[in-house]
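Residues 1 to 1080 in the UniProt record's numbering are what the sequence shown lists, from first letter to last. Heads up: the structure comes next, in structure tokens.
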Amino acid sequence: MGSFGPHEDWLFYRASQYARDRSIPRVSTACAAANDLTHYMGSFGPHEDWLFYRASQYARDRSIPRVSTACAAANDLTHYMGSFGPHEDWLFYRASQYARDRSIPRVSTACAAANDLTHYMGSFGPHEDWLFYRASQYARDRSIPRVSTACAAANDLAHYMGSFGPHEDWFFYRASQYARDRSILRVSTACAAANDLTHYMGSFGPHEDWLFYRASQYARDRSIPRYARDRSIPRVSTACAAANDLTHYMGSFGPHEDWLFYRASQYARDRSIPRVSTACAAANDLTHYMGSFGPHEDWLFYRASQYARDRSIPRVSTACAAANDLTHYMGSFGPHEDWLFYRASQYARDRSIPRVSTACAAANDLTHYMGSFGPHEDWLFYRASQYARDRSILRVSTACAAANDLTHYMGSFGPHEDWLFYRASQYARDRSIPRIYVSVNSGARIGVAEEVKSEFNVAWIDAERPERGFKYLYLTPEAYSRLGPLGSVKTELIDDEGESRYKITDIIGKEDGLGVECLRDAGLIAGETAQAYEDIVTISIVTCRAIGIGSYVVRLGHRVVQVESSYIILTGYAALNKVLGRAVYASNNQLGGVQIMHNNGVSHAVAPTDLEAVRTALRWLSYVPKDKFSMVPIMRCVDPIDRPVEWVPPKAAHDPRLMLTGDSQRPGFFDAGSFDEIMKPWAQTVITGRARLGGIPVGVIAVETRTVEITLPADPANLDSESKTLQQAGQVWFPDSAYKTSQAINDFSRENLPIIIFANWRGFSGGQKDMYEQILKFGAEIVRALRGATAPVLVYVPPGAELRGGAWAVVDPSVNAQRMEMYADPDARGGVLEAEGIVEVKFKQRDILKTMHRLDPELLRLSARISEIKDQIKEISKGFDRRGSIDDVLVRTDAGNQAESRVRELETELIAAEKTVKAREKELSPIYHEIAVQFAELHDTAERMLEKGCIFDIIPWRDSRRLLHWRLLRLLRQNAQERRVQAAGRPAAHMDQGAAAATLRRWFTEDRGETQSHQWENDNEAVCRWLESQAGDENSVLERNLRAIKQDAVLQACNNLVMELTPSQRAEFVRKLTALEMEQ
């Protein structure tokens, strides 16, 4: 509206009248649209007409309202603020005063809506840029957020009202009243949505992208400190909790246990270290599991062995995690067990991978708890302990807890099991090492007070006719005398039927693990697993079943290997059948077998046997670092690094896995045999997995180019449902494949794996069904996942591939400039739209016709002849009297007769020429359409991407393996040294990654000389070898400079601390320093 002129007043009046006539609020969405129109209309010129048309068309095409509430964007509000002069200051003051007097928020939603539309549609000119700059400057000078209510208030009011008159005051009052009557905030949270919309909508040029980036950076720089989880938590809690664990395992404390506990605590206290060592935990476990064999232990052992024998599975394999524990803890090693152990070790040794598989970890635990120790067992125990200690791995894996659970109450989680699981997971997190969980559980434990069950009585309504019902449950005085001291029940003493009775009001039970306490601790392990996924590598092996909380723990750990005969469910099929009132499900496998959980992405891999499941987990572990702070394990590569990539993607649809692995004749991109795909049957338009590039473990994301079919199973509980088969086109992100992509990136990032994305997407699916299924949400999650990546991410566009529109936006290196880089093959293409789409928008049929008439000789000749004929007709017509028609004149004169004949001839020739032109245009139309497509495609070449700075380099596919290997290795080593440089300067100074990289470059030039300084930019292999040589030499330039930075940081920190001391404290400090120097 700006200032109100006659046209604006009329529009505003009509909008108000429209709302009043229909008894609708003037601040409704309809009204917001009117406000919008008044803002763009004013007096309509060509630019305003076009903007209005495009806005309407945009909303109509997507079936969305033309004005959404999401308009409350910070950009809009700051956009209309301008510089504050006397008028703006007065408006701001009046707006604040008005809101303060009425105790209402200062920004209405109505105002924000109009702002949104004006902000999206216009284009940035000098005036808009200046206003935006001044608004930001205003907020910055006053140290207030740019999107705060303070800023928004002035903007909105100034934009709609100009100066406050009666009409504006009334409008403001009605808007406030509308919000107050409905008890809604006048400023909705839709502001964030508006930011999103500004980022994706309109057509973004370099200037808009830069403004958006700077605004986001401004907010991030002023963000509050992150949650304390990012900082070290007190170690005392873990120590105490661990001590509790130990007392829990040990049973009753005798003199020997008391002495051990005292000595262990004293040892830890003297050295200021946590009180729980692996040795202590082992001793506790041994006393807890071994004890002596009674009837109950014998029965459990017999049943576990029978379970394995009935299913013809090895008793020592991880498949039967429970059987393994029992046979390994209690029995002794025979020839069969020795042979299995030997084969597992040999398997790991032959592949040069860690023997830390779940199988090994379980075996270590089992040997540790074994029963009676003979010479053979002692040697195994010693070797297992030594192996774990040397590699800083958990000797007691969570797999052991799962195995123990199976033999104990059918594998259900009780408080003691939850606590042990929590401590084991916490132990792994404290040391930043992988955590493996072998799932064989029955969910949260269900129990009743057995001591009460055998003692209670029933007060019948009619003892002779029990079918009439009962009044209450009670205990006799004799039973109460036995149960009362145990605290198992709460009762009320009553007299009934001539005797004293203890009416049972609550049953507590003398044992833990009967009800809600199990659920409370189930939440404990669920939260711990969620945190463990963020902090360390978590792997779950479902060998038998996972029910209830067990299923959630498995899913929260994400990396799941499911044995084909196992299932992951929340509720058993029998219970569901009771709820449904009929036999719908036949087994638990129907609910959560591999045909469900592997197809929906919960299970990352499926194994036919337990041994294969362990091998899969072992293979995954071979890709990840030994802990969160180490670099990925780079193995010696048999496949030559410098070999060319011979398998070239064809133009037609093909299996993209061959691009990664090659075939029997032509090798692919990665090391031969190293690619391991995960989540294969889920969201098949995206391919994810792990592989090695020259021995470097990497996470891989590739794109399916073929159309795939997905089958949605029928719901057995709904008789009307039926199975559906859907088709999904290749090179398109659908909701499931976008979610799969973000999930894979998150998993790889938490493993500290570098990621290589072979980008070949035409965009996101945007149909109504896909929008309903949250394609926008999952697409945004890709950006969030890439933004959180801590290892290098290389995006490569292969030959014949294309990256378009929103698909480019979500994987562009600017999402995470410190970690992401993009490369492309010379034959790759990228742009906003495909060439055909560009032709439809920017090279329409009229433009094609113009091109024809400009280039085709025949059309040039015909066009010239047509112009000549028209000129001749015009000249003839000029010679006649213009007072009458040409026909009248022609009839009245002899000259007219001749002219008439000539005109008729020329008109006939003109019609013939025009027909010839139309025919020629039709004939040339197909080829010129191809020319237009080629013209548009030439805007999308790799050379233009490089020229515009959108990619880092053009890398031919044949050389991509060698070049990307050295680039990736250089990034890994450089990032590791950058972290050392940053750490050396703390706490005296904070150095960001860019400054650390510049420091390394300066040291490289210092070491190599100016003549070779260009290698830092152009020769990744040379930089790699320099970094490797520097890190291994104590007298190298890098190590000497690091020591110097540390010394400077210590001196600076000491100086800062000394300045904070009182004069007396400083004197004492100097005295101690002097004494120290004299001693030395």
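Glycine included, every Cβ here is placed at the ideal spot set by N, Cα and C.
Measure the alpha-carbon distance for residue i versus residue j and round it to whole angstroms.
i	j	result
Asp196	Arg784	Reliability fails at Asp196, whose pLDDT of 38 lies under 50, so the model's placement of it is uncertain and the value that follows must be treated cautiously. Whole-angstrom Cα-Cα distance: 13 Å.
Val614	Leu621	10 Å
Lys651	Gly800	6 Å
Val732	Asp655	15 Å
Met635	Ala691	12 Å
Lys850	Leu972	54 Å
residue 1161	Phe675	The first residue shown for the chain is 1 and the last is 1080, placing residue 1161 beyond what the model contains.
Gln17	Arg94	27 Å
residue 1155	Leu794	The question about residue 1155 has no answer here: the residues shown for the chain are numbered 1 through 1080.
Glu612	Ile775	36 Å
Val606	Leu576	26 Å
Arg666	Arg804	30 Å
Pro813	Val1070	53 Å
Asp671	Arg657	13 Å
residue 1086	Phe413	Residue 1086 cannot be examined here, being either before or after the span of the chain that is shown, 1 to 1080.
Glu914	Arg846	16 Å
Leu924	Glu840	17 Å
Tyr53	Leu946	35 Å
Gly896	Ser867	23 Å
Taking residue i as the reference, which of the options has the closest Cα?
i	options	result
Leu486	Pro716, Lys769, Ile507	Ile507
Val561	Ser551, Ile541, Lys578	Ile541
Ser749	Tyr772, Leu719, Ile701	Ile701
Tyr552	Trp957, Ala428, Gly527	Gly527
Ser63	Glu930, Gly766, Asn599	Gly766
Asp512	Ile446, Ala998, Glu612, Val917	Ile446
Ser737	Glu704, Pro754, Val563	Glu704
residue 1091	Gln137, Asp141, Ser176, Ser136	In this structure the chain extends from 1 to 1080, so residue 1091 is not present and cannot be described.
Arg582	Ala574, Asn589, Asn588	Ala574
Asp642	Gln982, Ser1013, Ser23, Phe669	Phe669
Arg920	Ser56, Glu907, Leu862	Leu862
Lys626	Arg501, Leu753, Thr741	Leu753
Ile782	Pro735, Tyr823, Gln590	Pro735
His604	Ile539, Val624, Thr661	Ile539
residue 1094	Pro1063, Thr407, Cys1024	As displayed, the chain neither begins before 1 nor continues past 1080, which places residue 1094 out of reach and without an answer.
Arg958	Phe132, Pro649, Gln727	Pro649
Tyr623	Pro434, Ser439, Pro1063	Pro434
With 8 Å as the threshold, decide whether the Cβ of residue i is near any Cβ in chain C.
i	result
Val793	No chain C is present in this structure, which holds just one protein chain.
Per DSSP, which residues does residue i bridge with? Please list them.
i	result
Phe935	BP columns for Phe935 are empty, so no partner.
residue 1159	Given a span of 1 to 1080 for the chain in the structure shown, any question on residue 1159 remains unanswerable.
Val438	Ile541
Leu794	Ile756, Glu821
Arg804	Gly831
Ala459	Tyr472
residue 1118	The structure shown does not extend to residue 1118, since the chain is modelled only from 1 through 1080, so no value can be given for it.
Val686	Val703
Leu726	Ile710
Assuming residue i and residue j make a contact with CB atoms under 8 Å, what is their CB distance in whole Å?
i	j	result
Ala1031	Leu1038	7 Å
Gly548	Leu570	6 Å
residue 1081	Pro956	Coverage of the chain is limited to positions 1 through 1080, which leaves residue 1081 absent and any answer about it impossible.
Ser566	Thr529	With a Cβ gap of about 19 Å, Ser566 and Thr529 do not count as contacting.
Arg1017	Ala996	Correcting the residue identity first, residue 1017 is Glu in this sequence and not Arg. Contact flag wrong, Cβ pair sits at about 17 Å.
Trp419	Asp521	7 Å
Glu1006	Val933	The pair is not a contact, with the Cβ atoms about 53 Å apart (cut-off 8 Å).
(message) Measuring CB atoms only, is the stretch 528-536 touching the stretch 551-558, in the sense that at least three cross pairs come out at less than 8 Å?
(response) yes
(request) Report yes or no: do three or more beta-carbon pairs, one from the stretch 467-483 and one from the stretch 448-457, lie closer than 8 Å? (result) yes
(request) Specify whether the stretch 734-750 and the stretch 953-963 touch according to this definition: at least 3 beta carbon pairs, one from each stretch, less than 8 Å apart. (result) no
(message) Pairs of beta-carbons, one from the stretch 920-932 and one from the stretch 854-868, closer than 8 Å: are there three or more?
(response) yes
(request) Could you say if the stretch 676-694 and the stretch 965-982 meet the contact criterion of at least three C-beta pairs nearer than 8 Å? (result) yes
(message) With three or more C-beta pairs closer than 8 Å as the rule, is the stretch 591-604 touching the stretch 632-648?
(response) no
(message) Would the stretch 681-688 count as touching the stretch 977-985 if we require 3 or more Cβ pairs under 8 Å?
(response) no
(request) Answer yes if the stretch 866-873 comes into contact with the stretch 903-914, meaning at least three C-beta pairs across the two stretches below 8 Å, and no otherwise. (result) yes
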